[in-house]
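A.B. asks: I have a structure I would like to understand better, so I am pasting it below and will then ask my questions one at a time.
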Ligand SMILES: Cc1cc2nc3c(=O)[nH]c(=O)nc-3n(C[C@H](O)[C@H](O)[C@H](O)COP(=O)(O)OP(=O)(O)OC[C@H]3O[C@@H](n4cnc5c(N)ncnc54)[C@H](O)[C@@H]3O)c2cc1C
């Protein structure tokens, strides 16, 4: 990798060369890399500008809840850690203007407190707000994209850009406005008013998730998107279950016996085991049912 001495000249960042990043994704695949914690938008702008000038490739990590990290990350691995005063969420607002690094579970607590209609859609999703918006994360209650009013991002030249609702297009687990090198720094989230039903709905949904998903295990959530089959959307987890792949084990990885679309890391797995397991399941599903399973989990771009 290029000389990274310039990182010492930027305030409000912390640089960790060749850091063990195995705990930086929820699946906890073994991983190392040059890691930068970025504490302000200004610092991010300076950093991306320099990376652009020096042709240094970087990638951005949220909570790592939907990412497969390689054993050695070749790019500069960035993570946002913007200051956020939790008191901001203790007031009812029409629109919440939030840093991209804020955790969704903090927002769920706010949704329960005020009964914010619409915010139930991201119940139980482990994520940073920016990662959730990038993925258009959602549940069968809806998708976060429905609530996004405005997004601020920094592009690869270090310029701050503001995208308003008309610029923000989403589809299933996908955004259509973040270009290569863009980093989301701020999101404005609206809601659809208040209702006393939201708190109980969220609590009930959380309970159901803990019964139907292996939340006590190291996973990356659903590995595959739900495919469309015979013009209807079906659950990838049920497909994997039907063809008898629950419990399938490769090295330290196992298809969950609780939910077929989850793969658990019960040891010291790395990407070199994860990729063949993902492909083996895809091949078997294709062979037995003729269905193409597309991955929802993303390989970290290095
Ligand atoms: C137990 C479990 C349950 C889950 N359940 C669900 C569910 O019900 N529904 C659902 O949709 N997902 C679910 N997921 C997957 C995951 O929580 C979501 O995809 C979530 O949106 C990932 O957010 P993150 O912050 O972890 O992003 P990461 O996984 O860190 O990153 C995801 C992508 O977003 C990009 N990204 C992250 N931050 C930024 C940024 N600031 N700017 C630009 N790009 C960025 C990354 O580069 C990467 O490409 C689950 C995961 C687990 C482990």
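Numbering (my numbering), first residue to last: 164 to 465. Don't be surprised by glycine CBs; every beta carbon is placed ideally from N, CA and C.
#1: So which of 420, 409, 352 and 364 has the shortest CA-CA distance to residue 377?
#2: Just reading off the alpha helix (DSSP H) that residue 390 is part of, what are its end residues?
#3: For ligand 1, is there a heavy atom less than 6 Å away from the beta-carbon of residue 290?
#4: Do residue 314 and residue 326 count as a contact pair if the criterion is CB distance below 7 Å?
#5: Could you pull the start and end residues of the beta strand (DSSP E) that residue 428 belongs to?
#6: What three-state label does DSSP hand residue 362 in the structure shown?
#7: Is residue 226 near ligand 1 - that is, is its Cβ less than 6 Å away from at least one heavy atom of it?
#8: Which word fits residue 433, buried or exposed, when buried means at least 16 other C-beta atoms lie within 10 angstroms of its C-beta?
#9: Closer than 6 Å to a non-hydrogen atom of ligand 1 - does that hold for the CB of residue 279?
#10: Within the chosen definition, does the stretch 188–203 reach the stretch 233–243 through at least 3 CB pairs nearer than 8 Å?
#11: At a threshold of 6 Å, does residue 293 count as lining ligand 1 (C-beta to nearest heavy atom)?
#12: To the nearest whole angstrom, what separates the beta carbons of residue 174 and residue 262, a pair I think is in contact under 8 Å?
#13: Any heavy atom of ligand 1 closer than 6 Å to the Cβ of residue 303?
C.D. replies: So, from the data block:
#1: 420
#2: Neither: residue 390 is in no alpha helix (DSSP H) and is coded neither H nor E.
#3: yes
#4: yes
#5: 426–428
#6: helix
#7: yes
#8: buried
#9: no
#10: yes
#11: yes
#12: The Cβ separation is near 18 Å, so there is no contact.
#13: no
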